[in-house]
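Counting in the UniProt record's numbering, the sequence shown runs from 1 upward without gaps.
Note that CB positions come from ideal geometry on N, CA and C, so glycine has one too.
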Amino acid sequence: MEDKSEKTWGFAIVYSAVFDGKTYALKSLNNNLGLNDKEFKQFRRELKLLYTIDNHPNIVKFYGVSRESTGNFMLILQFANNGNLRDYLRNKQIEGVYKISWVELIQIAGDIANGLKHLHDKHIIHRDLHSKNVLLNDGRALITDFGISKHLNDTTTSSSDKGGVPAYIEPQCYLQDGNVKRDQKSDIYSLGVLLWELTSGVPPFNDFPDRAIIIEISQNKREKTIENTPPHYVNLYTNCWSSDPDLRPKLNEVLIELKKLETVEFITNNINNRQIQQPIFHSYDTDSILSINTC
């Protein structure tokens, strides 16, 4: 097997390698990273969940697990030749202008929703859905990284299970003493943020510090709509990121709306030449943030 490249990703090192002419992604625990009990627990959970997920075109394929000569465990995964979604969208920015065709936007959105529906049908909640945990292979989106995912019948709510990227986490996690148990509706919230990100080309609250993002979301603030986004699409992602979980649509409903948006009569403007929105920075009293919890 020929090693090609590597990068540190969370508590593991991910690198690509070629075997029998095919490229794979190898996710390796590295003892030298000072892996703690929490991180090893996440790795074991990811391994357990990967064994339960059947092949799906929008979930990264899991081929097996191996052990290196160093004793480190290594996941053998599908290699995605277009990298992660965040970098993919960033590469569409030319001289400060973000360009994406409506056809491609809807395809990526549908891929993510289909992959998430497959997880939910398996009674798995992802809990860490964001643009770095979506990969693209030949232009098709794949959900990856199940390190903090859980089965719905897992009742554990200990602090060791907390985690995620603040801009994609529902406000309930910041307002209810950090004891909110995430469920499928939590993933729908994250999906709504991703649907917005596809129109902007930049992550939500880009360049805001995490503490500032937590305040924004806990005060029910969201990113502004990108100019000329089709109204039906705006309604879809704003319903997904509703502060009231009961108002968030089910994935079947999301997929129906995305299918409708493929047709001409539902499109008022193409998102084809969009100036990148620059965030407006605010000043915050960081002492007031210390009491905010996360789940």
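Use the C-beta contact count for residue i: other C-beta atoms within 10 angstroms, 16 or more gives buried, fewer gives exposed.
i	result
residue 317	Summary: the structure shown does not reach residue 317, with the chain confined to residues 1 through 295, and so no result is reported for it.
residue 298	The structure shown does not extend to residue 298, since the chain spans only 1 to 295, so no value can be given for it.
residue 254	buried
residue 205	buried
residue 236	buried
residue 202	buried
residue 219	exposed
Out of the options, which has the shortest C-alpha to C-alpha gap to residue i?
i	options	result
residue 118	59, 263 and 240	59
residue 105	70, 141, 71 and 80	141
residue 129	183, 81 and 68	183
residue 134	21, 193, 47 and 170	193
residue 24	40, 72 and 77	77
residue 332	16, 185, 247 and 240	Outside the shown range of the chain (1 to 295) lies residue 332, about which nothing can therefore be said.
residue 107	195, 208 and 214	195
residue 18	42, 81 and 69	81
residue 207	167, 48 and 112	167
residue 261	125, 102, 220 and 164	102
residue 146	99, 47 and 14	47
residue 211	112, 165 and 84	165
residue 247	224, 186, 227 and 209	186
residue 29	13, 41 and 42	13
Starting from residue i and walking both ways along the alpha helix (DSSP H), at which residues does that stretch end?
i	result
residue 255	251-260
residue 119	102-121
residue 56	Residue 56 -> no alpha helix (DSSP H), and no H or E assigned at all.
residue 235	231-240
residue 174	172-175
residue 213	210-218
residue 186	184-200
Quick one: give me the first and last residue of the beta strand (DSSP E) that residue i is part of.
i	result
residue 28	22-29
residue 143	140-143
residue 134	134-137
Considering only DSSP beta bridges, list what residue i is partnered with.
i	result
residue 73	67
residue 127	None, per the DSSP bridge assignment.
residue 84	135
residue 62	77
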